[in-house]
Amino acid sequence: MTGLPTGGAVFTPFISPAREPHDRLDAVTLDELLSVQHGVISRRQAIAAGLSIRQIERRLVSGRWCRIHRGVYATFTGPLIYEALLWAAILRAGRDAVASHQTAAFLDGVCDDPGEVIHVTVPAGRHVRGRIDRVRVHYAHRLARTRHPTRLPPRTRIEETVLDLIDDTCLAREVETWVSRACQRRRTTAERLAEALGMRPKIRWRPMLESMLVDVSEGAESPLELRHLRRVERAHGLPTGRRQRRVAGGRTVWIDVDHDEYMLRIELDGRLGHVEEGRFRDRRRDNLATVDGRATLRYGHADVFGDPCGVAAEQASVLAARGWDGTPHPCGPECTTFP
Numbered sequence: 001m002t003g004l005p006t007g008g009a010v011f012t013p014f015i016s017p018a019r020e021p022h023d024r025l026d027a028v029t030l031d032e033l034l035s036v037q038h039g040v041i042s043r044r045q046a047i048a049a050g051l052s053i054r055q056i057e058r059r060l061v062s063g064r065w066c067r068i069h070r071g072v073y074a075t076f077t078g079p080l081i082y083e084a085l086l087w088a089a090i091l092r093a094g095r096d097a098v099a100s101h102q103t104a105a106f107l108d109g110v111c112d113d114p115g116e117v118i119h120v121t122v123p124a125g126r127h128v129r130g131r132i133d134r135v136r137v138h139y140a141h142r143l144a145r146t147r148h149p150t151r152l153p154p155r156t157r158i159e160e161t162v163l164d165l166i167d168d169t170c171l172a173r174e175v176e177t178w179v180s181r182a183c184q185r186r187r188t189t190a191e192r193l194a195e196a197l198g199m200r201p202k203i204r205w206r207p208m209l210e211s212m213l214v215d216v217s218e219g220a221e222s223p224l225e226l227r228h229l230r231r232v233e234r235a236h237g238l239p240t241g242r243r244q245r246r247v248a249g250g251r252t253v254w255i256d257v258d259h260d261e262y263m264l265r266i267e268l269d270g271r272l273g274h275v276e277e278g279r280f281r282d283r284r285r286d287n288l289a290t291v292d293g294r295a296t297l298r299y300g301h302a303d304v305f306g307d308p309c310g311v312a313a314e315q316a317s318v319l320a321a322r323g324w325d326g327t328p329h330p331c332g333p334e335c336t337t338f339p
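The sequence shown runs contiguously to residue 339 in full-length UniProt numbering.
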């Protein structure tokens with residue numbers, strides 16, 4: 001992305017689509033407005049800036065401007081970058097429209113892919129007429145509260161973005177992915193998500209989401225870690241390890257699950273943990289643990305998602321050999337790992 005403002009004070013000269021066009025702007029302010037909006041302007045904004053309808057039409061006919069959507073124009077020629085398309089979608093959606101869902105998640109770094117369509121949300125009390133190419137329009141009663149007060153392009157708050165995405169999905173796995181990704185990337189916290197959740201009387205996946213937020217607040221940060229906590233540790237009655245433990249020494253390391261009492265560490269590594277620098281970092285960490293008399297068990301997605309009962313049996317065996325006197329139990333009727 002190129003130079004897109006993501007924080008700080010509101011840009012004063014911005015003419016919201018909600019504002020009536022009765023204030024005239026000078027040429028310098030118009031240039032600033034176009035700079036913020038990546039060269040995109042609405043018909044309403046152009047008139048508010050002092051241009052007549054005839055002047056607007058002349059620019060369109062001459063090719064100096066081009067129409068993106070009905071009543072929304074690019075004041076330049078050539079291909080439209082993503083930021084320009086995003087501003088065009090917001091301006092076309094009109095009064096109080098904001099970027100939302102995956103679009104807002106992309107803007108705030110919660111995900112790396114903006115998707116094939118641009119998502120915008122408008123207040124539920126109004127209706128956007130006509131179809132907008134490659135734009136999906138959502139409606140929300142709570143938009144006055146959930147929109148971010150300062151960021152440009154206008155968008156929903158990060159916590160609301162995550163909850164919107166969860167409310168829109170039909171897959172339980174995606175609920176885990178959005179929550180863990182937002183927290184893991186330090187864009188929000190489980191506490192802030194729980195507070196935002198408390199303000200929503202209706203939302204899909206509420207029981208699962210409330211349970212997840214408790215897990216995430218305890219330190220489980222990825223879908224892999226959440227799966228291990230629920231389907232391996234809790235489901236089979238294994239002792240609770242200390243999560244995301246910071247161990248300082250010659251080099252600070254983080255332990256995914258640390259059973260300090262039994263001198264056992266559990267490392268849960270996704271794909272990136274096994275390539276190049278990550279592979280050598282893990283080897284150094286495991287070697288240091290072995291020197292200190294600790295055992296390290298390492299699992300990936302295929303282990304935890306594919307055979308959680310087998311993982312539990314292996315951990316129970318090592319824990320028992322190191323002094324745990326508890327008794328694991330089957331996770332359900334079809335679990336044959338434990339008698």
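From the three backbone atoms N, C-alpha and C, an ideal C-beta is built for every residue, glycine too.
Inset, instruction - Assess, as a yes-or-no matter, whether the region 227-234 is touched by the region 186-198 under the definition of 3 or more beta carbon pairs within less than 8 Å. - result: no
Inset, instruction - Return the CA-CA distance between Gly115 and Ala105, expressed in angstroms with no decimal places. - result: 10 Å
Legend entry - Whether Ile68 touches Leu80 by CB criterion (8 Å): yes
Legend entry - Per-residue burial, Cys170 [other beta carbons within 10 Å of its own, 16 or more giving buried]: exposed
Inset, instruction - Report the rounded CA-to-CA distance for Glu174 versus Lys202, giving the unit in angstroms. - result: 18 Å
Inset, instruction - Please report how far the alpha carbon of Asp260 lies from the alpha carbon of Leu224, in whole angstroms. - result: 21 Å
Inset, instruction - Determine the contact status of Glu267 and Arg243, defining contact as a CB-CB distance below 8 Å. - result: no
Legend entry - Reduced DSSP category for residue 352 - H, G, I as helix; E, B as strand; rest coil: No statement about residue 352 is possible, as the shown extent of the chain runs from 1 to 339 and does not include it.
Legend entry - C-alpha distance - Arg265 paired with Gln315, whole-angstrom precision: 10 Å
Legend entry - Rounded straight-line distance, which links the Cα of Arg186 to that of Ala235: 29 Å
Inset, instruction - Starting from the C-beta of Arg155, find all residues in its chain whose C-beta is less than 8 Å away, skip the five residues before and the five after it, and write them out in chain order. - result: Val98, Ala99, Ser100, Thr103, Ala104, Leu107, Asp108, Arg147, His148 and Thr161
Inset, instruction - Classify Thr296 as helix, strand or coil using the three-state DSSP reduction. - result: strand
Legend entry - Exposure of Ala321, with buried meaning 16 or more beta-carbon neighbours within 10 Å: exposed
Inset, instruction - State the start and end residues of the unbroken beta strand (DSSP E) segment that holds Thr121. - result: Ile118 to Pro123
Inset, instruction - Check whether the Cβ of Leu264 sits closer than 7 Å to any heavy atom of the ligand GTP, and report yes or no. - result: No copy of the ligand GTP occurs in the structure displayed, which carries no ligand at all.
Inset, instruction - Reducing DSSP to helix, strand and coil, say where Leu272 ends up. - result: Because Leu272 carries a pLDDT of 37, less than 50, the predicted location of this residue cannot be relied on, and no value is offered for it.
Inset, instruction - Name the residue from Ala84, Gly63, Arg59 and Gly78 whose alpha carbon lies nearest to the alpha carbon of Leu34. - result: Ala84
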